[in-house]
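Trainee: Be aware that the sequence shown starts at 1, since it is given in UniProt numbering, and climbs by one per residue.
Pasting a structure below so you can have a look.
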Amino acid sequence: MTVTLGTTLKVTSEYANFKIQPSKSIHFKMSSASGVNASDECMEVFQELKLKKKYKYILYKINDEKDKTEIVLDRAEENATYEDFKDVLVKELKQQPRYAVFDFDYEKTGEGPRNKLVFFSWVPDTAPVKTKMLYASSREAIRKKLVGVGIEVQGTDEEEVDYATVLEK
């Protein structure tokens, strides 16, 4: 392949879209195997949680549009306990999958209080099969953009997202 200086090279595949401008810069837009991308708003709210501690947790979902091509913000909560968060997943959402980030506070004996950002892929066993497949194949689209997450939890039932289980990780 020959590229003439002063022209734009555009490459598209099912995994990446990028352009090489005459300035030799490369712009990447990564997507998941399912073609789902995370919205800019998802990343902005994550940065507010990570850097400014504005939120205790964030829930993300795949948009409700017919094409289901984007991960969008579902909600961000400023003041919540881990039990509040778990109740939203297990009791309120029930069969509805979500991705989440929780600002997890814990204490290790003799080491004092600690804090980690935990990424959750909540895909309950009771969710429809097609929905479970979509969330499983789209998880990396958001997970790879969440730089600074320390722990990853894949939950399918209440026991897998229990405080003690997350603490063990």
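C-beta atoms are modelled at their ideal positions from N, C-alpha and C, and glycine is treated no differently.
So which of Val88, Phe46, Arg114 has the shortest CA-CA distance to Val161?
Mentor: The residue you call residue 161 lines up with position 161 of the sequence shown. The residue with the shortest Cα to Cα distance from Val161 is Val88.
Trainee: In the DSSP assignment, find the unbroken beta strand (DSSP E) run with Leu93 in it and report its ends.
Mentor: If you number the sequence shown from 1, residue 93 lands on position 93. Careful: Leu93 lies outside any beta strand (DSSP E) and carries neither H nor E.
Trainee: Just to confirm, is the Cβ distance from Ile151 to Ala38 under 8 Å?
Mentor: Looking up residue 151 in the sequence shown gives position 151. Looking up residue 38 in the sequence shown gives position 38. The answer is no: Cβ separation not under 8 Å.
Trainee: Measure the alpha-carbon distance for Phe120 versus Lys50 and round it to whole angstroms.
Mentor: The sequence position of residue 120 within the sequence shown is 120, counting from 1. The sequence position of residue 50 within the sequence shown is 50, counting from 1. Rounded to whole angstroms, Phe120 to Lys50 spans 15 Å at the Cα level.
Trainee: Tyr106: buried (16+ other C-beta within 10 angstroms of its C-beta) or exposed?
Mentor: On the sequence shown, residue 106 is found 106 positions in, with the first residue counted as 1. By the 10 Å Cβ count, Tyr106 comes out exposed.
Trainee: Can you look up Lys144 in the DSSP assignment and give me helix, strand or coil?
Mentor: Counting from 1 along the sequence shown, the entry for residue 144 is found at position 144. If DSSP states are grouped into helix, strand and coil, Lys144 belongs with coil.
Trainee: Enumerate in chain order the residues of its own chain whose CB-to-CB distance from Arg98 is below 8 Å, with the five nearest sequence positions on each side excluded.
Mentor: Within the sequence shown, the letter at position 98 stands for residue 98. Excluding positions up to five away in sequence, the list reads Leu59, Tyr60, Lys61, Asp74, Leu89, Phe120, Trp122.
Trainee: Where do the N-terminal and C-terminal ends of the beta strand (DSSP E) with Glu77 fall, by residue?
Mentor: To locate residue 77, count along the sequence shown from 1; it is residue 77. From DSSP, the beta strand (DSSP E) with Glu77 extends over 70-77.
Trainee: Do you know how far the Cα of Lys145 is from the Cα of Met43?
Mentor: Numbered from its first residue, the sequence shown carries residue 43 at position 43. Numbered from its first residue, the sequence shown carries residue 145 at position 145. Straight-line Cα distance between these residues: approximately 7 Å.
Trainee: Can you tell which of Asp67, Gln96, Tyr57, Thr156 has the C-alpha that lies nearest to the C-alpha of Tyr82?
Mentor: Within the sequence shown, residue 82 is the residue found at index 82, counting from 1. For Tyr82, the nearest C-alpha among the options comes from Tyr57.
Trainee: Tell whether a beta-carbon distance below 8 Å holds between Val36 and Ser138.
Mentor: The sequence position of residue 36 within the sequence shown is 36, counting from 1. The sequence position of residue 138 within the sequence shown is 138, counting from 1. Yes, the pair counts as a contact, with Cβ atoms nearer than the cut-off.
Trainee: Exposed or buried, which one is Asp103 when buried takes at least 16 other CB atoms within 10 Å?
Mentor: As a working mapping, residue 103 is identified with position 103 in the sequence shown. Buried is the call here.
Trainee: Taking only beta-carbon positions, decide if Leu117 is within less than 8 Å of chain C.
Mentor: Of the protein chains in the structure, only one exists, and it is not chain C.
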